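K.L.:
Structure provided below as structure tokens; questions to follow.
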Amino acid sequence: MGPLRVSLFSFLVCLHVPLSAALNRDPRYKPKVPNVDRDLLHKPKAPNADDYPFRNVSLSWDERVADLVGRLTLEEIQEQMGRGGAGENGGPAPAIKRLDIGPYQWNQECLRGDVGAQGNATAFPQALGLAAAFSPDLIFRVAEVTAVEVRGKHNDFVKQGIFTDHTGASCFSPVINIMRDSRWGRNQETYGEDPYLSGIYADRFIRGLQGNDTRYVRASGGCKHFDVHGGPDSIPVSRFSFNAEVSEADWRTTFLPAFRRCVEAGTYSLMCSYNRINGVPACANSELLTDVLRGEWNFTGYIVSDEGAIENIIYLHHYLNNTVDTVAACVNAGCNLELSGNLAKPVYFSLVDAVNAGKLTQAKVQEMVSPLFYTRMRLGEFDPPEMNPYSRLSSADVETDDHKALAVEAAMKSFVLLKNDGVLPLNHTAKYGTIAIVGPMADDASQLSGDYAPRPPPADVITPLAGLRSIASTVQYAAGCSETACTSYNSSDVIKAVTGTEITIVALGTGQSVEAEGHDRPDIELPGQQKQLLMDVINNTPEKVPIILLLFNAGPVNISFADQDPRVSAIMECFFPAQATGDALRHVLLNDVDGAVPAGRLPYTWPLLDTQMPPMVNYSMAGRTYRYFDGPPLYPFGYGLSYTTFRYTAMTHTAFVTAGEPLKGQVWVDNVGHYDADEVVQVYIRWRDIPLPEGTPKIQLAWFDRISMKAGQSNLQVSFEVEARSMAQWKNGGWFIEEGFMDLFVGGQQPHQKRAAPNDVITAEFKIVGSKYLGRY
Ligand SMILES: *[C@@H]1O[C@H](CO)[C@@H](O)[C@H](O)[C@H]1NC(C)=O
Ligand SMILES: *[C@@H]1O[C@H](CO)[C@@H](O)[C@H](O)[C@H]1NC(C)=O
Ligand SMILES: *[C@@H]1O[C@H](CO)[C@@H](O)[C@H](O)[C@H]1NC(C)=O
Ligand SMILES: *[C@@H]1O[C@H](CO)[C@@H](O)[C@H](O)[C@H]1NC(C)=O
Ligand SMILES: *[C@@H]1O[C@H](CO)[C@@H](O)[C@H](O)[C@H]1NC(C)=O
Ligand SMILES: *[C@@H]1O[C@H](CO)[C@@H](O)[C@H](O)[C@H]1NC(C)=O
Ligand SMILES: *[C@@H]1O[C@H](CO)[C@@H](O)[C@H](O)[C@H]1NC(C)=O
Ligand SMILES: *[C@@H]1O[C@H](CO)[C@@H](O)[C@H](O)[C@H]1NC(C)=O
Ligand SMILES: *[C@@H]1O[C@H](CO)[C@@H](O)[C@H](O)[C@H]1NC(C)=O
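Throughout the sequence shown, residue numbering follows mature numbering (1 follows the signal peptide of the UniProt record, and there is no 0), covering -22 to -1, 1 to 755 in sequence.
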């Protein structure tokens, strides 16, 4: 490598980090110049273009893809595989005019609504809140609506010749990394800490997004970040060069299962992550992308790199030191598409050189470009639009009344009631004279959505203050802090606001200015002087006036003192509820509409002590998540209160399960309280062979669903099924079901918790008869 090359590289290193970080931080990044391909809009089709076999709908998909790919030159393939990127240089994949093929934009985010494209979109609660709903049905419907809006806007963009970032129909969503550390900035994008819950949610999201048409896909899915990716983002080191050292057992039992479910659900794509796994960058990791993913799981879709992950292999991981070796390593390992950080010349632009140098074969390159065109074909790009039901969607299908109503429903379902001395629900027939709403999250619309937020029209975003105004004649408000970080705090404002009120509502939390992509937290303390704010409220509120604490955060915050303080009557975790925040809060606090009784459950373990959080960089699962946790948490995984009380009265189940067969059971549930309400039925299993093989959890969620019951309704029969795979343990390089007894727990929460909702958990056992090897996966 000559001196010119060296200086060019060091220039890129300096430039790269902030640039890539900036692009990742802000999914709303938009190039200044719209990338309008007017040429393609108005040019008549090439003669006989309709006659190419790849446009012939009578042929099989495989025949059509093979025909199309066979017509491409290596240079054309290089551009198709290199332009998956962000920024005006990064994409779109260019048109191939001689074949009348248009551009395609691969860079699209659909975490919980259409993210980042110009125009309106419905903003559903951040993913972690959706997970707290513990509702497969809800995530399915949110994904369906997301896909309708993404596809509708995409159809219009294509008609207008717009192919800029976030205009495509192939989603870099959902995020199914395991929330393994409370401090990670991206916990909010995940479905929490449990691989089973994350896997079920991945399945429902992918199916909801992609749709059920037998021929066409509505919007294609892409689970991320594959794999062993769960912090750090920034503390103590950068995610761009981090090496995750993981044991085979933790990898198989914690970091792979949700992705396998995503593949089983039919995802078109996965995204490989920034980190190295045991020394090998994920995007150049053939054990991950070929042996496990294609070999063991039979995945046939495409892998896209995280943004800048390919160039990071050279400049930040220093794993390889030139673009030819890097494109060869990544393509051979199984990464089909480079998402660069706005590079004019992506690393994959050395693909032809790599072939000429004998480091990549033409056959491999053709194989690797094929899933990209297969995906576009299934989206309908090469078929007459009349054949495709999804081509009828348009921007008119965005922010409809139904979609807005689903945003309210989803927000209500996401709230987790952590503490309640009986103050909630508030009396909805009474009109209060004066109430106070204080805290930095009370009226800051910019902090209620979290990262990767869709942008609704501003008038559709209802803050807590706006949503709660109508419940009292006078509302006394003070933010107290200049911003959510609360470095500058004015106690006299807060004390004044809470004087002479009937109820005081305190809205605290992190918001994306404190907890975000690229921003881990060093600890989980309330930001800045927020704790002082709450102390001031407590110390300046008369005994008879209830204090209700609302929390807007993803990873837990240290509120042990508020949990213990009897002056704090209620605590509700709200996550980042997005546009419907204020409306959902009013309904849930007052219980003034159907479905407003809280039933969300924590999708993670809320630690009590800082010593319960192992160092972020240590990827051992020991002591992490409810599956391996040591010591009582403040609130356990699966915990959440209701306004009513449920009783689990009886259960029947398969007592002897033939190894490899599922366990089937029924439980009878009563709503013995005074409110119509939802309940989250949870089934856990526990192995008895102590010591457990490495990686085997102490206890495992094995089924859940969210049900609705009328006040006083009794004997609702709920059927459940524990899959055979849930009973298997990873040992000796494979998954084995062993003969013996296992414990079975069915209720609205985990068994044997110090901190528990007031309903019982039914305990039983079953015997696995015989043993079975399920395979290596
Ligand atoms: C499309 O493929 C079918 C089946 O092979 C063939 O019969 C037909 O002629 C093809 N149509 C065109 C326009 O080439
Ligand atoms: C977004 O919605 C607002 C309010 O309904 C409307 O005024 C505006 O025109 C919409 N924007 C677009 C691009 O459709
Ligand atoms: C497909 O999904 C749509 C929208 O959810 C639904 O109305 C329809 O019944 C489904 N069709 C089938 C065959 O499942
Ligand atoms: C993958 O394909 C092989 C060969 O067709 C088959 O035996 C195996 O069961 C498949 N595995 C999965 C997980 O689908
Ligand atoms: C980088 O390049 C030098 C000189 O060509 C070579 O000796 C070295 O092994 C390379 N390092 C890596 C990690 O490929
Ligand atoms: C709710 O308020 C109404 C109107 O003030 C009152 O009549 C009713 O008794 C209250 N209900 C409860 C449960 O306090
Ligand atoms: C707090 O705000 C009040 C006005 O509400 C102002 O008079 C006072 O100077 C502020 N105090 C500080 C320390 O900024
Ligand atoms: C919360 O704060 C208390 C008091 O400072 C401390 O003892 C505890 O370790 C903290 N918990 C966490 C999880 O940081
Ligand atoms: C990581 O944590 C595990 C479990 O606590 C411990 O055994 C191991 O020594 C730690 N690794 C490092 C490098 O500190």
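From the three backbone atoms N, C-alpha and C, an ideal C-beta is built for every residue, glycine too. Here the structure is a predicted model, which is why all the values come from computation and not from measurement.
1) Are the Cβ atoms of F32 and F360 separated by less than 9 Å?
2) Which ranges does the beta strand (DSSP E) cover as unbroken runs of at least 3 residues, wholly within the stretch 546 to 633, from first to last along the chain?
3) For V595 and Y30, I'd like the C-alpha separation in whole angstroms.
4) For A243 and A385, which I take to be in contact (beta-carbon distance under 8 Å), what is that distance rounded to the nearest angstrom?
5) Between L670 and the rest of its own chain, which residues show a CB-CB distance below 8 Å, the 5 nearest in sequence each way excluded?
6) Sort A702, L612, D471, G496 by Cα distance to K540 and report the nearest one.
7) Over the uninterrupted beta strand (DSSP E) stretch that includes R354, give me the two end residues.
8) Is T142 closer than 9 Å to Q83 when the C-beta atoms are compared?
9) Should Y751 be labelled buried (16 or more other beta-carbon atoms within 10 Å of its own) or exposed?
10) I'd like the span of the beta strand (DSSP E) that includes C250, first residue to last.
11) For G478 and S448, what's the separation of their Cα atoms in angstroms?
12) What residues in its chain sit with their C-beta under 8 Å from that of A71, if we drop five residues either side in the sequence?
13) Touch check for the stretch 301 to 313 and the stretch 227 to 239: three-plus C-beta pairs under 8 Å?
14) Does the Cβ of N405 lie closer than 8 Å to at least one heavy atom of ligand 6?
15) Could you give the residue range of the beta strand (DSSP E) that holds H203?
16) Quick one, are the C-beta atoms of L528 and Q508 less than 9 Å apart?
17) Within a Cβ cutoff of 6 Å, which residues of the same chain sit near E716, ignoring the five residues on either side of it in sequence?
18) Could you check the C-alpha separation between Y626 and I178 for me, to the nearest Å?
19) For T632 and F553, I'd like the C-alpha separation in whole angstroms.
20) Using 8 Å as the cut-off, can you tell me whether the stretch 492 to 509 makes contact with the stretch 416 to 429, which would need three or more C-beta pairs spanning the two stretches below that distance?
21) Does ligand 1 have a heavy atom nearer than 8 Å to the CB of D28?
22) In or out: V724 buried (at least 16 other Cβ within 10 Å) or exposed?
23) Using the beta-carbon of each residue, find all residues closer than 6 Å to any heavy atom of ligand 7 and list them in chain order.
24) How about G189: is its Cβ closer than 8 Å to a heavy atom in ligand 3?
25) Once the 5 residues before and after C413 are set aside, which same chain residues still bring their CB inside 8 Å of it?
26) Which first and last residues belong to the beta strand (DSSP E) in which W646 is found?
27) Within 8 Å: the Cβ of A485 and any heavy atom of ligand 6?
28) Less than 9 Å between the C-beta atoms of D172 and I156, yes or no?
29) Tell me the rounded alpha-carbon separation between Y621 and V47.
30) With distance defined between alpha-carbon atoms, name the residue in Y246, R196, D159, S216 nearest to K202.
31) Answer with buried or exposed for N334, where buried requires no fewer than 16 other C-beta atoms within 10 angstroms of its C-beta.
32) If I follow the unbroken alpha helix (DSSP H) through D40, where does it start and stop?
33) Excluding five sequence neighbours on each side, which residues of the same chain lie with their C-beta closer than 6 Å to the C-beta of Y653?
34) With the cut-off set at 9 Å, would you say L248 and F220 are in Cβ contact?
35) Can you tell me whether E122 sits near ligand 3, meaning its C-beta is under 8 Å from at least one heavy atom of the ligand?
36) Within 10 angstroms of the Cβ of T488, are there 16 or more other Cβ atoms? Answer buried if so, exposed if not.
P.N.:
Result, derived from the coordinates:
1) yes
2) 546 to 551, 624 to 631
3) 53 Å
4) Not really, about 24 Å apart at Cβ, beyond 8 Å.
5) K676, Q707
6) Lys is not the amino acid found at residue 540; the sequence shown has Ala there. Looking at the Cα atoms, L612 is the closest of the given residues.
7) No beta strand (DSSP E) holds R354; the alpha helix (DSSP H) holding it covers 340 to 357.
8) yes
9) exposed
10) 247 to 250
11) 18 Å
12) E57, Q58, R61, G62, P81, Y82, Q83, W84, L350
13) no
14) yes
15) 200 to 204
16) no
17) S749
18) 24 Å
19) 38 Å
20) yes
21) yes
22) buried
23) N468, S470, D471
24) yes
25) For the sequence presented, residue 413 should be read as Ile rather than Cys. Within the same chain, I413 has close Cβ partners L446, I449, A450, T452, V453, Q454, T479, E480, I481, T482, I483.
26) 641 to 649
27) no
28) yes
29) 60 Å
30) Y246
31) exposed
32) 39 to 48
33) V575, Y621, T622, A689
34) no
35) yes
36) buried
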